[in-house]
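Chemist: The working numbering applies: residue 15 is where the sequence shown begins, and numbers increase by one.
To start, I am sharing the structure in question, which I have written as structure tokens.
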Amino acid sequence: MVVFKRFIVLALFSFLSSLSFAQKVPQTAAADIDSTQIDAFLEGIPAGTTKLVGMWGDQNFLADSAIVDATGHFVLRRKKLLAPGFYTFLLPGMKNLSLLVDKDQRMTLRAKASDIPGTITVDGSLNTRLFYETIRYQSKQEPELAQSTAILNKSAINSPDYLQAKLRQTQILDERKAYLDGIYQKNPDAFFTKFKKAGQNPDFKEYKKPNGDMDTMRQLITYRDHFWDNVDFNDDRLLNTPVIANKLKRYIKELTPQNPDSLIYVADPLIRRVIKNKQYFKYFTNWIALQYENTKTTVMDGEAVYVHIIKNYFTPELAFWDTPDNLQGLQTHVWEMEASLLNRKGPDVKALDVNGQYKSIYEITAPIVVIFMFSPDCEHCQKEAAEVEALYEKWKSRGVEFYGIAVSTTDAEWKAFVKEKGFTFTSVFDPTNRAIYAKYFVDITPEIYVLNKDRIIVSKNLHPNQLETVFERELKKMSLGH
15 MVVFKRFIVL ALFSFLSSLS FAQKVPQTAA ADIDSTQIDA FLEGIPAGTT KLVGMWGDQN
75 FLADSAIVDA TGHFVLRRKK LLAPGFYTFL LPGMKNLSLL VDKDQRMTLR AKASDIPGTI
135 TVDGSLNTRL FYETIRYQSK QEPELAQSTA ILNKSAINSP DYLQAKLRQT QILDERKAYL
195 DGIYQKNPDA FFTKFKKAGQ NPDFKEYKKP NGDMDTMRQL ITYRDHFWDN VDFNDDRLLN
255 TPVIANKLKR YIKELTPQNP DSLIYVADPL IRRVIKNKQY FKYFTNWIAL QYENTKTTVM
315 DGEAVYVHII KNYFTPELAF WDTPDNLQGL QTHVWEMEAS LLNRKGPDVK ALDVNGQYKS
375 IYEITAPIVV IFMFSPDCEH CQKEAAEVEA LYEKWKSRGV EFYGIAVSTT DAEWKAFVKE
435 KGFTFTSVFD PTNRAIYAKY FVDITPEIYV LNKDRIIVSK NLHPNQLETV FERELKKMSL
495 GH
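Dropping the structure here:
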């Protein structure tokens, strides 16, 4: 495997490094001048050091630390407030204590290590108190809710057991909703209210087709359309909690079919919705782009999503977090990738073969062309060479031609490799790289593209053992007149 150097600079979490250091202050300040004072008494926690971990998006950072004495007591004091958000104390003895804080950062916590959520009392922080009260309320409901769900999963739809379990499930969820609505009404301005509302999923609506079958596609689209209804994108505090990262991951990875067209169709409106909310825009564009960057996705042609996001949103006008030089490098990078995306006409390549003759892709008359990009120094290329040659011998009489392109090598190494591996198909090399630059993108060798009779790229990022399935599919299309 040869990995080619790429110009990718996504300065997504430069914010985090400055935040984690800027927020740390000596803990010897007097209590009466501290903005933050968290006094914790945790029975059963051994002596040691506790680390306070914060988050931004899906990234964690060290916000502060404190010393725990032998009684489980510690005090965290700071002159500068923590950024509002969700924090977790990593305690000695492999225990955790989470907080939801806004500006209410002078608090006293008491709990038993054996059951921190069930025993904790909170004085001085409304948001953390509501956080734990809600956990305890929902925990009491969970056993019966799980039982109802189990009955629904094993019972025939509309059977007596199913209907009874469905009724009880609805009642439990209605009780939970009423409980939360009561908190929201009493505490409309609390950060907890924003946090909890943002994390709620939309109601699931059942739709049926005219024949009575469930219309699952309509259900999915409706659910997805309302997925972000309760999120206030003007509130940057939510980015410092797990809510936004979890929702974005589910929205893109679970509620959207994993193909480039669907992903772009769903991602575009979401990004445009937050384009004026700078921190959300920064997080959403970077996260989505990174998920579908080359080598980081298993989605066929996932890089089409990456190209789309970078092209449209990583511009000097929009990407405020990065430098013009870095952004230009990213634009160049996706321009190099763009010509070889799926369903585009494969560009022609014309370069010298091992005999010193110019050979072109477009002069090949076979209906299917496999472009095999390799490097002699690549271990995977060396291992797969015999399989590639065997496939060529097996399929060349059935309308499949191979066109090898050597990269990241020298003339002598390329010719020696072709001779050693016994390649009988066309193999070319251009030491200047001009013949293939910005035509067929190669990130990691070997790289394989398949062109159909119209020289449209129909498959890519393949292993040799996947090629025969593609050949059969394309030849079948031809026989049916497609």
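Ideal placement from N, C-alpha and C gives every residue a C-beta, glycine not left out.
Does the beta-carbon distance from A204 to V257 come in below 7 angstroms?
Modeler: It is not a contact, given that the beta carbons lie outside the stated cut-off.
Chemist: From Y320 to L304, what distance separates their C-alpha atoms?
Modeler: For Y320 and L304, the distance between alpha carbons rounds to 7 angstroms.
Chemist: Have a look at L66 and L253 and give me their C-alpha separation to the nearest angstrom.
Modeler: The alpha-carbon atoms of L66 and L253 are separated by roughly 17 angstroms.
Chemist: Going by DSSP, name the residue or residues bridged to V82.
Modeler: DSSP, once it has assigned bridges, lists G62 as partnering V82.
Chemist: If you drop the 5 nearest sequence neighbours on each side, which residues of the same chain put their C-beta closer than 7 angstroms to that of K223?
Modeler: Cβ within range, chain order: D229.
Chemist: Along the chain, where does the alpha helix (DSSP H) that runs through V321 open and close?
Modeler: Residues E317 to Y327.
Chemist: For Q342, which of Y327, V383, S411 and S354 has the nearest alpha-carbon?
Modeler: Nearest C-alpha to Q342: Y327.
Chemist: Does the ligand MN have even one heavy atom less than 6 angstroms from the beta-carbon of A430?
Modeler: Ligands in the displayed structure: none, and consequently the ligand MN is not present.
Chemist: Whose C-alpha, out of A179, A125, D116 and Y372, is nearest the C-alpha of I59?
Modeler: That would be A125, whose Cα lies nearest to the Cα of I59.
Chemist: In terms of DSSP beta bridges, what is L114 paired with?
Modeler: Beta-bridge pairing links L114 to F100.
Chemist: Would DSSP call D391 helix, strand or coil?
Modeler: Three-state result, D391: coil.
Chemist: What are the boundary residues of the beta strand (DSSP E) that T230 is part of?
Modeler: That residue, T230, is in no beta strand (DSSP E); its alpha helix (DSSP H) goes T230 to D239.
Chemist: Per DSSP, what kind of secondary structure is K373 in: helix, strand or coil?
Modeler: Looking at K373 - three-state DSSP - the assignment turns out to be strand.
Chemist: Measuring only the C-alpha atoms, how far is T102 from D243?
Modeler: So the alpha carbons of these two residues sit roughly 27 angstroms apart.
Chemist: Go to F416, then tell me how far its alpha helix (DSSP H) extends in each direction, as first and last residue.
Modeler: Taken as a continuous stretch (DSSP letters only), F416 belongs to no alpha helix (DSSP H), being part of the beta strand (DSSP E) at V414 to A420.
Chemist: Buried or exposed: where does F386 fall if 16 or more other Cβ atoms within 10 Å of its Cβ makes it buried?
Modeler: Looking at its Cβ environment, which holds 16 or more other Cβ atoms inside 10 Å, F386 is buried.
Chemist: What do you get for S493, buried or exposed, if any count of 16 or more other CB atoms within 10 angstroms of its CB means buried?
Modeler: Its Cβ having fewer than 16 others within 10 Å, S493 is exposed.
Chemist: Judging by CA-CA distance, which residue of F247, T299, K292 and V245 is the nearest neighbour of I266?
Modeler: With distances taken between Cα atoms, I266 lies closest to T299.
Chemist: So, V464 versus V384, is the Cβ gap smaller than 7 angstroms?
Modeler: In this structure, V384 lies closer than 7 angstroms to V464 by Cβ.
Chemist: Determine whether the beta carbon atoms of Y294 and G71 lie at a separation below 7 angstroms.
Modeler: Contact flag unset, no.
Chemist: Rounded to the nearest angstrom, what separates N466 and V484 at their Cα positions?
Modeler: C-alpha separation (whole angstroms): 10 angstroms.
Chemist: Indicate whether the contact test is met: 3 or more Cβ pairs, each with one atom in the segment 178-189 and one in the segment 162-169, closer than 8 angstroms.
Modeler: Verdict: yes, contact present.
Chemist: With a 10 Å radius around its C-beta and 16 neighbouring C-beta atoms as the bar for buried, classify D83 as buried or exposed.
Modeler: When all chains shown are included, D83 counts as exposed.
Chemist: For the 8 angstroms Cβ check, are there 3 or more pairs between the segment 327-340 and the segment 271-282?
Modeler: The segment 327-340 is not in contact with the segment 271-282.
Chemist: Is the beta carbon of R358 sitting closer than 7 angstroms to the one on I285?
Modeler: No, these two residues do not count as a Cβ contact at 7 angstroms.
Chemist: Can you tell me where the alpha helix (DSSP H) with A219 in it begins and where it stops?
Modeler: In the sequence on display, residue 219 carries Lys and not Ala. Here K219 belongs to no alpha helix (DSSP H), and DSSP marks it neither H nor E.
Chemist: Could you give the DSSP three-state label for H87: helix, strand or coil?
Modeler: DSSP places H87 in strand when its eight states are reduced to three.
Chemist: What are the complete beta strand (DSSP E) segments, minimum 3 residues, inside the segment 114-165?
Modeler: Fully enclosed beta strand (DSSP E) runs of 3 or longer: 120-126 and 135-137.
Chemist: What residues in its chain sit with their C-beta under 6 angstroms from that of S139, if we drop five residues either side in the sequence?
Modeler: Closer than 6 angstroms at Cβ, skipping near neighbours: D118 and M121.
Chemist: Measuring straight from C-alpha to C-alpha, what distance separates T312 and Y306?
Modeler: The straight-line gap from Cα to Cα measures roughly 8 angstroms.
Chemist: Assess contact between the segment 430-450 and the segment 344-351, defined as three or more Cβ pairs (one per stretch) separated by less than 8 angstroms. Is contact present?
Modeler: Counting Cβ pairs under 8 angstroms, fewer than three are found: no touch.
Chemist: Quick one: what does DSSP say G71 is sitting in, helix, strand or coil?
Modeler: In this structure, G71 counts as coil in the three-state DSSP scheme.
Chemist: Which residues does DSSP pair with I462 in a beta bridge?
Modeler: According to DSSP, I462 bridges with F386.
Chemist: Answer yes or no: do F439 and S354 have a C-beta to C-beta separation smaller than 7 angstroms?
Modeler: No, these two residues do not count as a Cβ contact at 7 angstroms.
Chemist: To the nearest angstrom, how far is the alpha carbon of A420 from that of W301?
Modeler: Rounded to whole angstroms, A420 to W301 spans 34 angstroms at the Cα level.
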